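K.L.:
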Amino acid sequence: MFYRETGQFKQSYAADQAVFPILQDRLGLAVILLVAFVAVPLFGNEFLLASVMVPFLILSLGAIGLNILVGYTGLLSLGSAAFMGVGAYSAYKLSTIFPGVNILVWILCSGFFAAGIGVLFGLPSLRIKGFYLAVATLAAQFFLQWCFVRISWLYNDNPSGAIEVPARTLFGLAITGPSATPVTRYLVVLVIVAVMTLLASNIVHGRIGRTWMAVRDMDIAAQLMGIRLLPAKLLAFAVSSFYCGVSGALMVFLWLGAAEPSAFDIKLSFLLLFMVIIGGLGSMIGSFFGAALIHILPIVIRMLPEALGLPIAAATVEHLTYLIVGALIIFFLIVEPHGLARLWQIAKQKLRVWPFPY
Amino acid sequence: MNAASETLLAVDGVSLSFGGVKAITDVSFDIRKGEIRAIIGPNGAGKTSMLNVVNGFYHPQHGRITYKGKTRPRMRPYQAASQGIARTFQNVALFRGMTTLDNIMVGRTLKMHRGLLWQMLRYGPAMREEIEHRRVVEDIIDFLQIEAIRKTPVGKLPYGLQKRVELGRALAMEPELLLLDEPMAGMNIEEKEDMCRYILDLNKHFGTTIALIEHDMGVVMDLSDRVVVLEYGHKIADGTPEVVKADPKVIEAYLGVGH
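Going down the list, the protein sequences come from chains Z and W.
Mapped onto my numbering, the consecutive letters of the first sequence carry residue numbers 1 to 358.
Mapped onto my numbering, the consecutive letters of the second sequence carry residue numbers 1 to 259.
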């Protein structure tokens, strides 16, 4: 009813090639950004900011990274947690070796280290596809995690084997370490995630994104269009790992505060893959949907009994949460195998033609 | 067509085998600039293999290919693409998850040069480049009369339109040599007529050289300037449609011989 593009005539190709060609979409995005930048920090409590929103945004960024690889380029990867780890450890090393440089610079730079490692482990992708590539990236997962445990130089010979985030400031305001307030951490993460999402969205809507999707949909035809497979796939690995790396660095520096190698184990890789599949392969907004379903939904379910005044033991609630989230994942996949992003698209399509069926 | 016009592509003594299976044996023919050249033959004659050799998918064991005056033993598909050889497939090979517009835009890949940094910003030069190529793509969409399905994912399109989009994608490369692998397979008479019209228009107005594989003999004989006939990987006839039609070997290959 309100979501209708009738009367919005495009007078130039520039307007038609826009990422959000429909006015209502742009308004919706503006509202979301307004809520995220103003309302949430103003009215959100510490729990909402530190335990819900910050992890949600960081996981979304990781999911976007993985989505570039799996959803847009069609290369199955199980090494995303390891690439996040590379980002986290390189940000840690850089910030302890050069404490004078702003931590945000190092968090973003850590992405380049992850990108380099990602390209290295992406090399087999020219020869192998699908599940076999997943197994090859699994090697990255185990090898890199082994490095995080065994190479003590990476964690500065810390006897606990963990990396602990040093306190760092931006414009005199603590953004990492124990003294950083949730609001500052949230805003820093939000800015980084928003800007990087915009850049990723631009890439996938342009020539490079089309190249990736061409490789995904029909690599033989893509070659005939003049696309060289290896550079295209390696670029996807690089960009994807860059995003994972930054997300890993953010995870340690602005969310957890300290991390052991087990923080980057295969479970996290699987979680990211679930987010991407459930959210929607090849969709930016799907990455956010997926992260919300996997991270926020369990929190909401856990809080429900208390909010409703039901006398259920905490352990039971925990088990029930697993059950319900699992069932919901299966439900969503049956209803729409292409993910929540597709459901969202269908809903918008229905709205456009409402009250008629088509 | 002008018979004296220069040779665009010459295939010289090409043999291709996969293990013990000989797909092509010592085949030579040429394609002149500006002509419509048909390659025909019964199933399994090596027609598609021949196209794959021309655009670099298969590397023949023997023989040479001369394209635009340059002889080479082998080349890669992207080299063929960058030198102006475009191709459509027998079984439609579109990028199914992408819209018609995006599919055709992929055909412009080689002509777009802005790197990752500009692409990330989607502003200034990157956006200008995008719009400039969108304009070219819109011309192709107009030419093929597929305006209405611009934003439709190609996976949802009917077969005849998919074939048309695939032709559009090949055209977006502004090819000098266009290889069409059964452009009319599985089409009804109306779609076939449309496709014939596009092929003729392309050839007449844009001067595109076309090599096509087709099983509909009526189409082949009407469209093409010269025909080469393959059977079991051997060339059995080569010449104008009239000559080929009258060749006893061709009749034998298609109709069989009385025993």
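Even glycine gets a Cβ: it sits at the ideal position worked out from N, Cα and C.
Bear in mind the structure is a predicted one, so any value in this text is a computation, not a measurement.
(1) Any idea if W:Ala-246 is buried or exposed, counting beta-carbon neighbours within 10 angstroms, 16 or more meaning buried?
(2) Identify whether W:Phe-29 lies in helix, strand or coil by the three-state DSSP scheme.
(3) Short of 7 Å in beta carbon distance, which residues of its chain neighbour Z:Cys-395, apart from the five on each side in sequence? Order them along the chain.
(4) Would you say W:Ile-131 faces chain Z, with C-beta separation under 8 Å as the test?
(5) Return the residues of the stretch 42-63 of chain W that lie within a Cβ-Cβ distance of less than 8 Å from chain B, sorted by chain order.
(6) Does any CB atom of chain W fall closer than 8 Å to the CB of Z:Arg-4?
(7) Residues of chain W with a CB under 7 Å from the CB of Z:Arg-228: which are they?
(8) Pick out whichever of Z:Leu-351, Z:Phe-142, Z:Tyr-155, Z:Ala-291 has its Cα sitting closest to the Cα of Z:Asp-265.
(9) Using only alpha-carbon positions, find the residue among W:Pro-42, W:Lys-33, W:Ile-24 that is nearest to W:Gly-256.
(10) Would a check of beta-carbon distances place Z:Asn-102 closer than 8 Å to chain W?
(11) Beta-carbon of Z:Ile-68 versus every beta-carbon of chain W: anything under 8 Å?
(12) Within 8 Å of any Cβ in chain Z, is that where the Cβ of W:Arg-197 sits?
(13) Give the range of the alpha helix (DSSP H) segment to which W:Arg-87 is assigned.
(14) For W:Val-219, which beta-bridge partners are listed by DSSP?
(15) Would you verify that the beta carbon of W:Asp-225 is, or is not, closer than 8 Å to some beta carbon of chain Z?
(16) Using alpha carbons as the reference points, say which of Z:Gly-111, Z:Ala-214, Z:Ile-103, Z:Leu-49 lies closest to Z:Val-183.
(17) Counting pairs of beta carbons, one from the stretch 298-313 of chain Z and one from the stretch 184-191 of chain Z, are three or more of them closer than 8 Å?
(18) Could you list the residues in the stretch 81-92 of chain W with a C-beta less than 8 Å from some C-beta on chain Z, going in chain order?
(19) Short check: CB of Z:Val-191 to CB of Z:Leu-254, under 8 Å?
(20) Any beta-carbon of chain Z closer than 8 Å to the one on W:Leu-121?
(21) Under 8 Å between C-beta atoms, does W:Met-1 make it to chain Z?
(22) How big is the Cα-Cα spacing for W:Gly-233 and W:Glu-193?
(23) Starting from Z:Tyr-92, trace the alpha helix (DSSP H) both ways and give me its first and last residue.
(24) With C-beta atoms as the reference, is W:Met-50 less than 8 Å away from W:Ile-39?
(25) 8 Å is my cut-off, CB to CB: does Z:Ala-221 come that close to chain W?
(26) Helix, strand or coil for Z:Ile-346, going by three-state DSSP, please let me know.
(27) Quick check on W:Ala-170: does DSSP put it in helix, strand or coil?
(28) Find the residues of chain Z that neighbour W:Met-127, judging by a C-beta separation of less than 7 Å, and give them in chain order.
(29) Apart from the five residues on each side of it in sequence, which residues of its chain come closer than 8 Å, Cβ to Cβ, to Z:Phe-20?
(30) Using the beta-carbon of each residue, which ones in chain Z are nearer than 7 Å to W:Arg-134?
(31) Between the beta-carbon of W:Lys-33 and the beta-carbon of W:Leu-8, is there less than 8 Å?
(32) Using a beta-carbon distance below 8 Å, is Z:Thr-197 in contact with chain W?
(33) Can you list, in chain order, the residues of its chain whose CB lies under 6 Å from that of W:Leu-171, leaving out five sequence neighbours each side?
(34) Is the Cβ-Cβ distance between W:Tyr-78 and Z:Arg-228 less than 8 Å?
(35) Pull up the CB-CB distance for W:Gly-168 and W:Ile-146, whole angstroms please, since I reckon it's below 8 Å.
(36) So the beta strand (DSSP E) Z:Ile-103 belongs to, where does it begin and stop?
P.N.:
Let me lay it out:
(1) exposed
(2) strand
(3) No statement about residue 395 of chain Z is possible, as the shown extent of chain Z runs from 1 to 358 and does not include it.
(4) yes
(5) In the structure shown, chain B does not exist; the protein chains are Z and W.
(6) no
(7) Tyr-78
(8) Z:Phe-142
(9) W:Pro-42
(10) no
(11) no
(12) no
(13) First-last for W:Arg-87: 85-88, but that is the beta strand (DSSP E), not the alpha helix (DSSP H).
(14) W:Val-219 is not bridged to any residue.
(15) no
(16) Z:Leu-49
(17) no
(18) Ala-81, Ser-82, Ala-86, Arg-87, Phe-89
(19) no
(20) yes
(21) For W:Met-1, the predicted model reports a pLDDT of 45, less than 50, meaning its position is unreliable; a value from the coordinates is still stated below. Answer no: the Cβ-Cβ gap between W:Met-1 and chain Z never drops below 8 Å.
(22) 30 Å
(23) 80-97
(24) yes
(25) yes
(26) helix
(27) helix
(28) Ala-14
(29) Arg-26, Leu-29
(30) Tyr-13, Gln-17
(31) yes
(32) no
(33) Ile-140
(34) yes
(35) 7 Å
(36) Where Z:Ile-103 is concerned, there is no enclosing beta strand (DSSP E), although the alpha helix (DSSP H) it sits in stretches over 103-122.
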